[in-house]
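Residue numbers (the working numbering), protein chains in the order written: chain L, 89 to 517; chain A, 2 to 281.
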Ligand SMILES: Nc1ncnc2c1ncn2[C@@H]1O[C@H](COP(=O)(O)OP(=O)(O)OP(=O)(O)O)[C@@H](O)[C@H]1O
Ligand SMILES: [Mg+2]
């Protein structure tokens, strides 16, 4: 032994430097890994927010509307039926004509009228139906502009392109500039985006329908997956004998967790729609499919939660004569519940972001109406994003990003709850 | 090995470490529990071999022996706690009074209400002190109304010597008590169900001498009403609290007798080696 003259402490000291260097290296690697992860998250957020934030504002044009019975072509009648079918487009047209009297050709007029969203007449109709006394009066009304105008005002259209490769010609741009100079163009908060269903017109499209669809779908999935998942976990963990059958069930459950989600969509299509005859595109079917998909997650998380309950608690309960059921329901379950809920929330967050299986069961349909129940045709938030991302209109681009922001907000919210639950759980211990 | 043999030969009395049946009187008159020819297997592992032993009324019986000799296993047979271990198989006869507790038709719930257990590690429920004690009486329907339940809780805490320390915080979590207090809470929880027999598996192993002394005093007092079987690694403790002592070795009951006799005049070589500290 060459270093037998060294004392123990000298030997220890000799290794210290290397040990600390190793530790420092490891720490640096950890920090680097986190930094890279954070960088991507920040990039994602920056790109989405920078693209999407403008969708929360919508260009509106101020028009002086004369609610004239003559233009509406309704005479003296004021019943709902008449008011619903009156010619409200005539009102906006008359107002625009009054602002730009010099435009007199048909073609020019058509371009002029197109500056206002084709949804504007419906807004006017709503105003009149809510308050028929408006008829005969003059009102200043802010109406949504067409999406091309919106893009121009938000400076997302390049004015310097040659006229032929622009969606707006010089004339229209000139009108917009005139209106802006008069203070008749303003970006207002885009409530439509949150309340409306889908639409071919970006300025009328919203995620209201998709959010409602998502909520119904998640509700169905939660109501089914949570009780079934927890009951399965309790049975497997506490009651099932360990034999080949339960081993096989366990392997299968773990396998299911890894099955690509589109397979669940195909299964749902074959089982719920073709066999059971449930309606296509319905949140009920979507919920059923997502139940199949999230069950393994919930079962695995719940079993882990049950396993993590210290055996001493079970022994304590049984030692004073609690039956098995009492032991589980009075002592084990309350301790396992936060873990089970965390698993469920993570499963639900997964389900909220799931697209592929829902495409298979027809939730990819173009749905204008807000679904009124779990049987109505509807779409969900991620599918809506998928649909919009595919649309050619520039204005859908920012709406896609805005919808992603809303989806991310929901996901962050759900994961936050999961973290808070876990915190509470750890405090209890 | 040679050296050890020489040592043995130098001695007069017990010379053989061979096992030729339990030394001492396994049976007593009017026992509370009787066990006959009990064998326990954990899968292939033969953990308890042919043990027969009586447990008397109002006596404290201590089980001693080196680690892994099967004391806990034997203790857990007495209230069928071993049922919770899948691979555990118990054969032989164990009776509480005249009831065979391994009878197929016997319900373990009332059995465990009659034969309570205190564990090595204090294991209070993560509930309030009050609920810890009240849980047993509640599930067994021992109290007619709230006042009676309050009475049981207070009485049990008094007997466990914990009342004065916790009377002002009955509704705070039991897990917030010190280790010794938690163990006394667990004892109070066990006696709240008024069992006939209390099994204690190294109840003081996690406690300091003061807490240990309190629990030993408590055991002595509880003997008036209960039968107590206690597993302990401390021979002083066995000597202090028990009337009879049973010495286990590698799954066999080597020797049993009055505690005094066991400690002053062991008959079997293995027992002697153990209590004189030459083993384990
Ligand atoms: N759950 C189990 N599964 C398999 N073998 C077990 C189990 N519990 C105990 N054993 C075995 O049974 C034998 C007796 O164990 P037991 O716990 O009864 O010993 P003990 O005398 O209580 O020891 P200690 O003083 O260390 O607590 C040991 O050899 C142990 O390995
Ligand atoms: Mg033990």
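Think of the CB as a built atom: it goes at the ideal place given N, C-alpha and C, for glycine as much as any other residue.
Distance from residue 392 of chain L to residue 309 of chain L at the Cβ level is roughly 21 Å; contact not present, criterion being Cβ atoms closer than 8 Å. Rounded to the nearest angstrom, the gap between the Cα atoms of residue 275 of chain A and residue 250 of chain A is 9 Å. When DSSP states are grouped into helix, strand and coil, residue 343 of chain L belongs to the helix group.
Look at the beta carbons and you see the stretch 135-145 of chain A not touching the stretch 88-99 of chain A: under three pairs across the two are nearer than 8 Å. Ligand 1 never approaches residue 239 of chain A closely enough for any of its heavy atoms to be under 7 Å from the residue's Cβ.
Inter-residue distance for residue 345 of chain L and residue 381 of chain L is about 7 Å (C-alpha atoms, whole angstroms). Sorted by position in the chain, A:72, A:73, A:121, A:202, A:203 and A:232 make up the residues whose C-beta lies under 7 Å from a heavy atom of ligand 2. Membership of residue 382 of chain L in any beta strand (DSSP E) is not indicated; the residue belongs instead to the alpha helix (DSSP H) covering 371-395.
Contact of residue 401 of chain L with chain A by beta-carbon distance below 7 Å involves 124 and 126. Short note on residue 86 of chain A: C-beta closer than 7 Å to some heavy atom of ligand 1. For the set L:278, L:432, L:147 and L:408, the Cα lying nearest the Cα of residue 383 of chain L is the one of L:432. Relative to residue 371 of chain L, the option among L:465, L:399 and L:347 whose CA is nearest is L:465. Proximity of the beta carbon of residue 46 of chain A to ligand 1 is indicated: a heavy atom of the ligand is located closer than 7 Å. Within chain A, the residues placing a beta-carbon under 9 Å from that of residue 423 of chain L are 127, ordered along the chain. In the DSSP assignment, residue 201 of chain A forms a beta bridge with A:119 and A:231. In this structure, ligand 1 has a non-hydrogen atom nearer than 7 Å to the beta-carbon of residue 66 of chain A. Three or more Cβ pairs drawn from the stretch 44-53 of chain A and the stretch 242-258 of chain A lie within less than 8 Å of each other, which places the two stretches in contact.
A Cβ of chain L is located within less than 8 Å of the beta carbon of residue 118 of chain A. Distance from residue 276 of chain L to residue 146 of chain L at the Cβ level is roughly 6 Å; contact confirmed, criterion being Cβ atoms closer than 8 Å. Beta-bridge analysis with DSSP links residue 61 of chain A to A:229. Residue 248 of chain A has its CB no nearer than 7 Å to any heavy atom of ligand 1.
Taking 9 Å as the Cβ-Cβ cut-off, the stretch 14-48 of chain A has no residue approaching chain L. Proximity to residue 204 of chain A across A:196, A:197 and A:213 peaks at A:213, based on C-alpha coordinates. Using beta-carbon distances, residue 201 of chain A does not count as an interface residue toward chain L, since no partner is under 8 Å.
The criterion of a C-beta distance shorter than 8 Å is not satisfied by residue 197 of chain A and residue 100 of chain A. Counting along the chain, no beta strand (DSSP E) covers residue 105 of chain A, and no H or E run does either.
Distances from the CB of residue 103 of chain A to the heavy atoms of ligand 1 are all 7 Å or more.
Between the alpha carbons of residue 131 of chain A and residue 511 of chain L lies a distance of about 26 Å.
Relative to ligand 1, the beta carbon of residue 78 of chain A is positioned no closer than 7 Å to any heavy atom.
C-alpha of residue 158 of chain L to C-alpha of residue 222 of chain L: approximately 13 Å in a straight line.
A direct Cα-Cα distance of roughly 11 Å separates residue 168 of chain L from residue 219 of chain L. Pairing residue 140 of chain A with residue 410 of chain L gives a Cβ-Cβ distance under 8 Å.
Contact of residue 104 of chain A with chain L is not assigned, every C-beta pair being separated by 8 Å or more. Under a criterion of Cβ atoms nearer than 9 Å, the residues of chain L adjacent to residue 111 of chain A are, in order, 409. Residue contact check for residue 194 of chain A against chain L: a CB pair falls below 8 Å. Comparing alpha-carbon positions, the option among A:107, A:53, A:181 and A:226 lying closest to residue 192 of chain A turns out to be A:226.
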